[in-house]
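S.K.: Okay, so the sequence shown: first residue is 4 according to my numbering, each after it adds one.
Built from N, CA and C at the ideal position, the CB exists for glycine as well.
Since the structure is predicted, the reported quantities are computational estimates derived from the model, not experimental observations.
Let me begin by handing over the structure; questions about it come next.
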Amino acid sequence: MEYISQPRVSFITVNFNGARDSMNLLQTIFEHIKSFCFEVIVIDNASIINEFEVIKQRYPFIKGEYLQENLGFAGGNNRGLEMATGDYMYFINNDTLLPKDADSQIQSMISFCEVNPEVGGLSPKILYHIPPNLIQFAGSTPLTAITMRNKQIGYKEMDLGQYNQIVQIPYFHGAAMFVPKTVINHIGRMPTCYFLYYEELDWSNSITKHFQLFYFPLAQIVHLESASTGIDSPLKVFYITRNRVIFAYRQRKGSLRVLALSYLILIAFPMNLCLLLFKLKFKQSVAMIKGIWSACRWIIIGSR
4 MEYISQPRVS
14 FITVNFNGAR
24 DSMNLLQTIF
34 EHIKSFCFEV
44 IVIDNASIIN
54 EFEVIKQRYP
64 FIKGEYLQEN
74 LGFAGGNNRG
84 LEMATGDYMY
94 FINNDTLLPK
104 DADSQIQSMI
114 SFCEVNPEVG
124 GLSPKILYHI
134 PPNLIQFAGS
144 TPLTAITMRN
154 KQIGYKEMDL
164 GQYNQIVQIP
174 YFHGAAMFVP
184 KTVINHIGRM
194 PTCYFLYYEE
204 LDWSNSITKH
214 FQLFYFPLAQ
224 IVHLESASTG
234 IDSPLKVFYI
244 TRNRVIFAYR
254 QRKGSLRVLA
264 LSYLILIAFP
274 MNLCLLLFKL
284 KFKQSVAMIK
294 GIWSACRWII
304 IGSR
């Protein structure tokens with residue numbers, strides 16, 4: 004069987020109380036990938052029950068494990084990376100689906116990387132599940148130096164083929180990252196200080212110091228956005244707030260660091276907090292305050 008031979012691609016996905024989503028993803032992988040060798044690695048990030056064994060019962064050829072401790076997005080993917088033997092790592096969210104022509108799409112990703120040695124990684128076009136053909140990701144602009152904001156190109160536009168050109172991008176989209184193993188050997192693994200959100204931006208910055216990242220619309224996936232955390236859930240607000248500060252601290256130096264942190268803590272977050280309170284989103288408001296405190300504590304203690 005091709006997928007138990009020496010793999011060309013290692014699909015790595017992290018599961019957390021989402022066995023149904025994970026099995027739906029695996030179904031699209033095993034049904035649609037036929038022409039090249041691959042392996043699938045599932046890391047269960049301390050789900051309430053051992054869902055890795057549940058998934059493995061349906062798909063016995065997968066690799067992976069159940070972790071006793073939740074290591075976060077980067078930690079789970081890094082653990083999968085330790086098991087991977089493919090030439091290319093495809094880090095892909097468990098709440099995504101591959102299209103029927105995924106085989107030829109991924110072949111084109113491999114060919115692009117082989118022809119262009121400067122490639123550090125690719126992110127495909129990402130579409131929402133509902134409504135169909137609504138774009139979530141078609142590239143992005145760089146984060147501004149102080150406000151730490153950027154634009155997601157094509158966000159919530161209908162896919163009419165207007166973003167079908169391969170273009171260089173500053174950052175991966177964390178839902179789907181296709182990376183040559185040689186790049187990871189050179190750069191290292193994902194940073195684990197974030198736990199959830201922003202780790203792909205930090206990792207992208209490390210990669211683009213030596214390689215180039217590309218938006219690759221010849222491949223695509225469908226993403227069930229925030230299926231595991233909920234849209235604007237307190238958990239998401241906490242980590243987005245916390246990690247925006249940590250990212251600014253890690254990626255900005257000197258006066259830019261001071262300006263960026265001052266803007267976030269003294270201007271952006273108070274404005275956002277007032278907006279949440281105005282909308283009576285009290286749980287999200289508390290989560291934002293806790294996120295700011297956690298980030299400041301990390302800067303003072305955790306980063307040492």
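1) With DSSP as the reference, label HIS213 as helix, strand or coil.
2) Do the CB positions of GLY157 and ILE138 come within less than 8 Å of each other?
3) Using the Cα positions of THR232 and LYS239, report the straight-line distance between them to the nearest angstrom.
4) Rounded to whole angstroms, what's the CA-CA distance from VAL261 to SER207? Just pull it up for me.
5) Report the residue from TYR131, GLU34 and VAL17 whose alpha carbon sits nearest the alpha carbon of GLY75.
6) Any idea what DSSP makes of MET92, helix, strand or coil?
7) Let me make sure I understand the geometry here. Which of LYS37, CYS196, THR195 and HIS176 has the alpha-carbon closest to that of SER107?
8) Under DSSP, the beta strand (DSSP E) around PRO183 begins and ends at which residues?
9) Taking buried to mean at least 16 other C-beta atoms within 10 Å of its own C-beta, is MET193 buried or exposed?
10) Leaving out five residues on either side along the sequence, give the residues of the same chain with a beta carbon under 7 Å from the beta carbon of PHE272.
11) In whole angstroms, give me the CA-to-CA distance for ASN80 and PRO120.
12) Entirely within the stretch 46-70 and at least 3 residues each: give me those beta strand (DSSP E) ranges in chain order.
13) Check whether the Cβ atoms of TYR242 and PHE198 lie closer than 8 Å to each other.
14) LEU269: buried (16+ other C-beta within 10 angstroms of its C-beta) or exposed?
15) Kindly indicate the opening and closing residues of the alpha helix (DSSP H) around SER25.
16) Answer yes if the stretch 125-145 comes into contact with the stretch 252-261, meaning at least three C-beta pairs across the two stretches below 8 Å, and no otherwise.
17) Since LEU91 contacts PHE181 with CB under 8 Å, what's their CB separation in whole angstroms?
18) For GLY305, count the other beta carbons within 10 Å of its own beta carbon; 16 or more makes it buried, fewer makes it exposed. Which is it?
M.R.: Let me spell this out:
1) Residue mapping note: residue 213 aligns to position 210 of the sequence shown, counting from 1. Coil.
2) The count along the sequence shown starts at 1 and reaches residue 157 at position 154. The count along the sequence shown starts at 1 and reaches residue 138 at position 135. For the pair GLY157 and ILE138, the CB atoms are nearer than the 8 Å cut-off.
3) Residue 232 sits at position 229 when you count from the first residue of the sequence shown. Residue 239 sits at position 236 when you count from the first residue of the sequence shown. Confidence at THR232 is low in this model, with a pLDDT of 47, below 50, so its placement is unreliable and no value can be given for it.
4) On the sequence shown, residue 261 is found 258 positions in, with the first residue counted as 1. On the sequence shown, residue 207 is found 204 positions in, with the first residue counted as 1. Answer to the nearest angstrom: the Cα atoms are 22 Å apart.
5) Here the question's residue 75 lines up with position 72 in the sequence shown. Measuring from the Cα of GLY75, the nearest candidate turns out to be VAL17.
6) Position 89 of the sequence shown holds residue 92. In the three-state reduction of the DSSP assignment, MET92 falls in the strand class.
7) Your numbering for residue 107 matches position 104 in the sequence shown. Out of LYS37, CYS196, THR195 and HIS176, the CA that lies nearest to the CA of SER107 is found in LYS37.
8) Along the sequence shown, one-based indexing puts residue 183 at 180. Where PRO183 is concerned, the enclosing beta strand (DSSP E) stretches over 179-183.
9) The sequence position of residue 193 within the sequence shown is 190, counting from 1. The C-beta of MET193 has 16 or more other C-beta atoms within 10 Å across all chains shown, which makes the residue buried.
10) The sequence position of residue 272 within the sequence shown is 269, counting from 1. The beta carbon of PHE272 lies closer than 7 Å to those of THR244, MET291 and ILE295 in the same chain, with the five residues before and after it left out.
11) By one-based count along the sequence shown, residue 80 stands at place 77. By one-based count along the sequence shown, residue 120 stands at place 117. Their backbone Cα atoms lie some 24 Å apart in a straight line.
12) Every beta strand (DSSP E) of 3 residues or more that sits fully in the stretch 46-70 is shown, in chain order, as 66-69.
13) For the purposes of this step, residue 242 is taken as the residue at position 239 of the sequence shown. For the purposes of this step, residue 198 is taken as the residue at position 195 of the sequence shown. Inclusion of TYR242 and PHE198 in the CB contact set at 8 Å is warranted, their separation being smaller than that value.
14) Here residue 269 refers to the residue found at position 266 when the sequence shown is read from its first residue. Under this definition LEU269 is an exposed residue.
15) Counting from 1 along the sequence shown, the entry for residue 25 is found at position 22. Counting along the chain, the alpha helix (DSSP H) containing SER25 begins and ends at 22-35.
16) By the criterion of at least three beta-carbon pairs nearer than 8 Å, the stretch 252-261 is not in contact with the stretch 125-145.
17) Residue 91 sits at position 88 when you count from the first residue of the sequence shown. Residue 181 sits at position 178 when you count from the first residue of the sequence shown. Reading the sequence as shown, one finds Tyr at residue 91 and not Leu. The beta carbons of TYR91 and PHE181 sit about 6 Å from each other, so the pair counts as a contact at 8 Å.
18) Looking up residue 305 in the sequence shown gives position 302. Exposed: under 16 other Cβ atoms inside 10 Å.
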